[in-house]
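Residue numbers for the sequence shown follow my numbering, beginning at 15 and rising by one.
Don't be surprised by glycine CBs; every beta carbon is placed ideally from N, CA and C.
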Amino acid sequence: MLTAQLAPDQILVALSLEFADHLRVPELEERVIEIEDSIRAQHSEITAVFVKPQTPKTFSEARRDRFGIEGDG
């Protein structure tokens, strides 16, 4: 998760998330909308949410490259 303060009462959130491989685009879009709605319902100051879907392999590689974390831990 990355965040950026845009203004005193405006925050941008960017998420890289692992989704199940079997999800089709309409299902994936539905999940993303649910995530966005949930975040905004709890934090009205969040005005923009960006979600980057990733496969388990890509998620693991990005986590390893960014944080040096291997495997499921």
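### Message
Under 7 Å: does the beta carbon of V46 sit that close to some heavy atom of the ligand HEM?
### Response
In the structure shown, the ligand HEM is absent, as is every other ligand, since no ligand is present at all.
### Task
Could you tell me the distance, in whole angstroms, from the CA atom of Q24 to the CA atom of I60?
Counting only the Cα atoms, I60 lies some 6 Å from Q24.
### Query
Which same chain residues, not among the five before or five after I68, have their C-beta less than 8 Å away from its C-beta?
The sequence given here places Gln at residue 68; Ile does not occur at that position. Cβ neighbours of Q68 beyond the five flanking positions: S30, L31, E32, F33, A76.
### Backbone secondary structure at F81 - three-state DSSP
Helix, per DSSP.
### Task
Specify the secondary structure class of T69 as computed by DSSP and reduced to three states.
The answer is coil: DSSP assigns T69 none of H, G, I, E or B.
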